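Input: a single structure, listed below in structure tokens.
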Amino acid sequence: MNKRDDAYVTDLALRAGRGDKQALSEFIRLTHDDVWRLLAHLAGREQADDLTQETYLRVLGALPRFAARSSARTWLLSLARRAWVDSVRHDMARPRKAAAEYDDVAAQQPSQDNPNTWSEVMDARQLLDELAPERREALILTQVLGYTYEEAAKIANVRVGTIRSRVARARRDLMAASGTGEPEG
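Numbering-wise, the sequence shown is residues 213 to 397 according to the working numbering.
Written out as structure tokens, the structure is:
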């Protein structure tokens, strides 16, 4: 994710918007993993494939209007975020899954090679899931996916200071929930 890669991906997006099918294929190939990882962190692995597909369907309709006011990756991840937000809104109308879902996973036997890995991953995932959605999003964008605070702010369509405070609060919440620190003030 350096400036040079962003410039190339942005150029691909502009060419794809003008109808270049090879540029579109290359654009999707180079950005697919970023989109999937963001959505896997926001919505869960089980929904990431569907939301990634939904994102690229939106991209196909929006590429001709892409004007490169930000990098294509930033623009693309903001579309992915909107696809996730829309799915959350849609899911709010449906009944929620029971907490027994975590119990079922926890009841499974860990692997013999690494007995703690599965439970540690589940614990970490549960801690992330318990964060407020806007804090989880800010933490994932900056700490897991490696975007700068400025890039994360553009993706989330908020100010940089808002991202900074959300990350700080998410860290504090995680430390308090995991018992490794006390919440401040």
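Backbone N, C-alpha and C define an ideal beta-carbon position, used for all residues, glycine too. Given the structure is predicted, the values throughout are model-derived calculations rather than measurements.
Under 9 Å between C-beta atoms of residue 361 and residue 379: yes
Span separating the alpha-carbon of residue 254 from that of residue 349: 6 Å
Rounded to a whole number of angstroms, what is the C-alpha to C-alpha distance between residue 387 and residue 351? 13 Å
DSSP-derived helix/strand/coil call for residue 228: Correct three-state label for residue 228: helix.
Should residue 237 go down as buried or exposed, given a rule of 16 or more other Cβ atoms within 10 Å for buried? The residue is exposed, with fewer than 16 neighbouring Cβ atoms inside 10 Å.
Please tell me whether residue 294 and residue 363 are closer than 9 Å, where the distance is taken between their beta carbons. no
Among the residues of its own chain, which have a CB less than 8 Å from the CB of residue 326, if the five just before and after it don't count? Residue placement at residue 326 is poorly supported in this model, since its pLDDT is 48, which falls under 50; the coordinates are not used for a value here.
In terms of residue numbering, what span does the alpha helix (DSSP H) encompassing residue 382 cover? 372-390
Should residue 283 be labelled buried (16 or more other beta-carbon atoms within 10 Å of its own) or exposed? buried
Identify whether residue 360 lies in helix, strand or coil by the three-state DSSP scheme. coil
Please report the residue range of the alpha helix (DSSP H) in which residue 344 lies. That residue, residue 344, is in no alpha helix (DSSP H); it is neither H nor E in DSSP.
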